[in-house]
Amino acid sequence: MAPSPATPRRRQRLTADEYVSGIRAGDRSTLGRAITLVESELPSDADLAAGVIEACLPFTGRARRVGITGVPGVGKSSFIEALGTWLTRERGETVAVLSVDPSSPRSGGSILGDKTRMERLSTDDRAFIRPSASRGHLGGVARRTREAMLLCEAAGYGNVFVETVGVGQSETTVRSMTDCFLLLMLAGAGDELQGMKRGILEMTDLIAINKADGDNRARAERARHDYESALHLFPAAADGWRPPVLTCSALTRDGIPGIWQAVLDHRALLEANGWLARRREEQALEWMREAIVLGLEDELRRDGAIEARLAAMRADVRRGRLSPFRAAREVLAIFRRR
Ligand SMILES: Nc1nc2c(ncn2[C@@H]2O[C@H](COP(=O)(O)OP(=O)(O)OP(=O)(O)O)[C@@H](O)[C@H]2O)c(=O)[nH]1
Ligand SMILES: [Mg+2]
Numbered sequence: 013m014a015p016s017p018a019t020p021r022r023r024q025r026l027t028a029d030e031y032v033s034g035i036r037a038g039d040r041s042t043l044g045r046a047i048t049l050v051e052s053e054l055p056s057d058a059d060l061a062a063g064v065i066e067a068c069l070p071f072t073g074r075a076r077r078v079g080i081t082g083v084p085g086v087g088k089s090s091f092i093e094a095l096g097t098w099l100t101r102e103r104g105e106t107v108a109v110l111s112v113d114p115s116s117p118r119s120g121g122s123i124l125g126d127k128t129r130m131e132r133l134s135t136d137d138r139a140f141i142r143p144s145a146s147r148g149h150l151g152g153v154a155r156r157t158r159e160a161m162l163l164c165e166a167a168g169y170g171n172v173f174v175e176t177v178g179v180g181q182s183e184t185t186v187r188s189m190t191d192c193f194l195l196l197m198l199a200g201a202g203d204e205l206q207g208m209k210r211g212i213l214e215m216t217d218l219i220a221i222n223k224a225d226g227d228n229r230a231r232a233e234r235a236r237h238d239y240e241s242a243l244h245l246f247p248a249a250a251d252g253w254r255p256p257v258l259t260c261s262a263l264t265r266d267g268i269p270g271i272w273q274a275v276l277d278h279r280a281l282l283e284a285n286g287w288l289a290r291r292r293e294e295q296a297l298e299w300m301r302e303a304i305v306l307g308l309e310d311e312l313r314r315d316g317a318i319e320a321r322l323a324a325m326r327a328d329v330r331r332g333r334l335s336p337f338r339a340a341r342e343v344l345a346i347f348r349r350r
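In the working numbering, the protein residues as written are 13 to 350.
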């Protein structure tokens, strides 16, 4: 018998049932492997990944889904470490942490940094941390994060935190997959409020001014007051919630319990007035929309004739010989005729 080629590093493939029972039993290594599976871009993994997600879906939906955003360096990872360890140790909660990071080439350092910035949380039995090494397209990152979130919920984590860098489109994406969206800010970093995209404030459920410690405390308190006054000029949101502005320090942990209380108050209001259900409906619709668009993109990429035509059209569009709009219509026409 011919010897089979040695594949020492590739572990044996699990079946969908094995993935699901491992996840449901709270086995972190199986959960990690399942997330790697749903992140895989190999067509040969797609069916198994879909099977695992489908089988996990009945066990999802019970977690608090919290998005955390803010400019690089504002302290998102440190904040999650502080809040997460407080929740697991003082409140007996379980916490899963995922990250959506669209800025792939530059983020390598930051992801490695997270290992040290979430040192205590990463060794906590009640926590699961998954820094996602992102590549490519934000939609793809988001799809995998959404699915990773569901796997964490099926594993029984009661709180899922999604960290995203506050640049570009990633906030909108994370907002669309969470129940509560938290914006971390800094005091005295220029007049951010004026410069800030109004859209971000409008989708924020809670503003926390971080690094309110040492010499920075008084400035943070002034900034809190300023932001609060500015927010009062906004019309009340349809869900009836007025986003509070709070201060905290991820370093000293001051203000962390108060922020969590606001997250709980927000949830209680949205549960009582029906807006949580509406937000979950929106999340499901957004997931579907995204899955359709990404699925179509995959189909187009895998169709040799379309790929070849696209390559030629790209050259023509670049030179202005073909309008982008006509090119798109032509590709869709070829797709329909298949
Ligand atoms: N004084 C003080 N420093 C803080 C606080 N929170 C974070 N830092 C420091 O600020 C720096 C950035 O913190 P991170 O938690 O990595 O910030 P981040 O927003 O996750 O950064 P990116 O992931 O790179 O976008 C680190 O040096 C932290 O030690 C705080 O509350 N007070
Ligand atoms: Mg970080």
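All C-beta atoms, glycine included, are put in the ideal place defined by N, C-alpha and C.
Since this is a predicted model, take the numbers as computed values, not measurements.
Cβ-heavy atom distance, Gly104 to ligand 1, below 7 Å: Here residue 104 refers to the residue found at position 92 of the sequence shown. Every heavy atom of ligand 1 is 7 Å or more from the Cβ of Gly104, so no.
Between which two residues does the beta strand (DSSP E) carrying Leu54 extend? In the sequence shown, counting from the first residue as 1, residue 54 sits at position 42. Unbroken run through Leu54: none, as it is neither H nor E.
Is there at least one Cβ from chain B nearer than 8 Å to Ile304's Cβ? The structure shown contains no chain B, having only a single protein chain.
Given Pro256 as reference, the closest of Arg265, Gly286, Leu213 once Cα atoms are compared: For the purposes of this step, residue 256 is identified with residue 244 of the sequence shown, where counting begins at 1. It is Leu213.
For ligand 1, I want to know if Ala232 counts as a neighbour, meaning its beta carbon is within less than 7 Å of at least one of the ligand's heavy atoms. Locating residue 232 in the sequence shown gives position 220, counting from the first residue. Answer for Ala232: no, Cβ out of range of ligand 1.
What residues match up with Val107 in a beta bridge as DSSP calls it? Locating residue 107 in the sequence shown gives position 95, counting from the first residue. Answer by DSSP bridge pairing, in chain order: Ala139, Asn171.
Please name the residue in Leu54, Gly332, Arg330, Glu319 whose C-alpha comes closest to that of Leu344. The count along the sequence shown starts at 1 and reaches residue 344 at position 332. Out of Leu54, Gly332, Arg330, Glu319, Glu319 has the C-alpha closest to the C-alpha of Leu344.
Can you tell me whether Ala220 is helix, strand or coil according to DSSP? Here residue 220 refers to the residue found at position 208 when the sequence shown is read from its first residue. In the structure shown, Ala220 adopts extended strand secondary structure according to DSSP, grouped into three states.
Quick one: measure Cβ to Cβ for Phe347 and Leu312, integer angstroms, because I've assumed they're closer than 8 Å. Against the sequence shown, residue 347 aligns to sequence position 335. Against the sequence shown, residue 312 aligns to sequence position 300. The beta-carbon separation of Phe347 and Leu312, rounded to 7 Å, stays under the 8 Å limit for a contact.
Please list the terminal residues of the continuous beta strand (DSSP E) segment that includes Thr264. By one-based count along the sequence shown, residue 264 stands at place 252. Thr264 -> no beta strand (DSSP E), and no H or E assigned at all.
Should the stretch 72–89 be regarded as contacting the stretch 156–166, the criterion being three or more beta carbon pairs within less than 8 Å? yes
Less than 7 Å between the CB of Glu175 and some heavy atom of ligand 2, yes or no? Here the question's residue 175 lines up with position 163 in the sequence shown. Taking 7 Å as the cut-off, one finds at least one heavy atom of ligand 2 near enough to the beta carbon of Glu175.
Comparing C-alpha positions only, which one of Leu243, Glu131, Ala28, Leu218 sits nearest to Glu191? Taking the first residue of the sequence shown as 1, we reach residue 191 at position 179. This sequence places Asp at residue 191; Glu is not what is there. For Asp191, the nearest C-alpha among the options comes from Leu218.
Sequence-distant residues of its chain with Cβ nearer than 6 Å to Ala220 (five each side left out): The residue labelled residue 220 in the question sits at position 208 within the sequence shown. Answer for Ala220: Leu196, Leu258, Cys260, Ile271, listed in chain order.
Between the alpha carbons of Val107 and Ala94, how many angstroms are there, rounded? Within the sequence shown, numbered from 1, the residue matching residue 107 stands at position 95. Within the sequence shown, numbered from 1, the residue matching residue 94 stands at position 82. Roughly 12 Å between the two C-alpha positions.
Rounded straight-line distance, which links the Cα of Pro269 to that of Arg132: Walking along the sequence shown from the start, residue 132 turns up at place 120. Walking along the sequence shown from the start, residue 269 turns up at place 257. Using only the alpha carbons, I get a separation of about 18 Å.
Where in the stretch 269–346 do unbroken runs of the alpha helix (DSSP H), each at least 4 residues long, occur, reported from the N-terminal end onward? The qualifying runs are 287–314, 316–330.
Entirely within the stretch 65–97 and at least 4 residues each: give me those alpha helix (DSSP H) ranges in chain order. none
Closer than 7 Å: is that where the CB of Ser89 sits relative to any heavy atom of ligand 2? Taking the first residue of the sequence shown as position 1, residue 89 is located at position 77. Yes - ligand 2 has a heavy atom lying nearer than 7 Å to the Cβ of Ser89.
Can you give me the C-alpha to C-alpha distance between Asp29 and Gly226, rounded to a whole angstrom? For the purposes of this step, residue 29 is taken as the residue at position 17 of the sequence shown. For the purposes of this step, residue 226 is taken as the residue at position 214 of the sequence shown. Rounded to whole angstroms, the gap between the alpha carbons of Asp29 and Gly226 is 53 Å.
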